[in-house]
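A short worksheet on the structure shown next.
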Amino acid sequence: MKAEIDDYTMTAIYAISLFNDLLADITIESREMLKKAKEETIKDLHAYFCKKGSSDVELTLAVSRVLLLLPTLEQYVKRIRENFHLLDVFHMIDLPHFYKHMSIN
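Taken in order, the sequence shown gives residues 1 to 105; the numbers are from full-length UniProt numbering.
Have a look at this one:
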């Protein structure tokens, strides 16, 4: 089944990815803040699908599809970063200074 991603849903995906509370090098307070922000984003996404008139089953499926996309998108981003790193190591392209210092993790 095709996932229908509109601008609002894509923004929610960005926000949920940004508010990653599973990072190793953050304080407990930061982790709690990120967790709350992520939960609020998921609640907002739920409310958005409610306003679109989705039934309970459709709403659950829509939110679930978005959440299930996250690990796949994170893997794609990691692979793209690794590819850029390899391109830079072998001098195949000239990366801007900013990209050279981004973490691959």
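Built from N, CA and C at the ideal position, the CB exists for glycine as well.
Asked	Found
Helix, strand or coil: how does DSSP classify PHE19 here?	coil
Which term fits PHE90, buried or exposed, when burial requires 16 or more other beta carbons within 10 angstroms of its beta carbon?	exposed
Comparing alpha-carbon positions, which option in ASN83, ALA15, LEU87 and ARG31 lies nearest ASP21?	ARG31
Please check the pair ILE13 and VAL77, which I expect to be a contact at CB under 8 Å, by giving their CB distance rounded to whole angstroms.	That belief does not hold up - the Cβ atoms of ILE13 and VAL77 are roughly 11 Å apart, past 8 Å.
Would you mind stating whether LYS38 and ILE5 have Cβ atoms separated by less than 8 Å?	no
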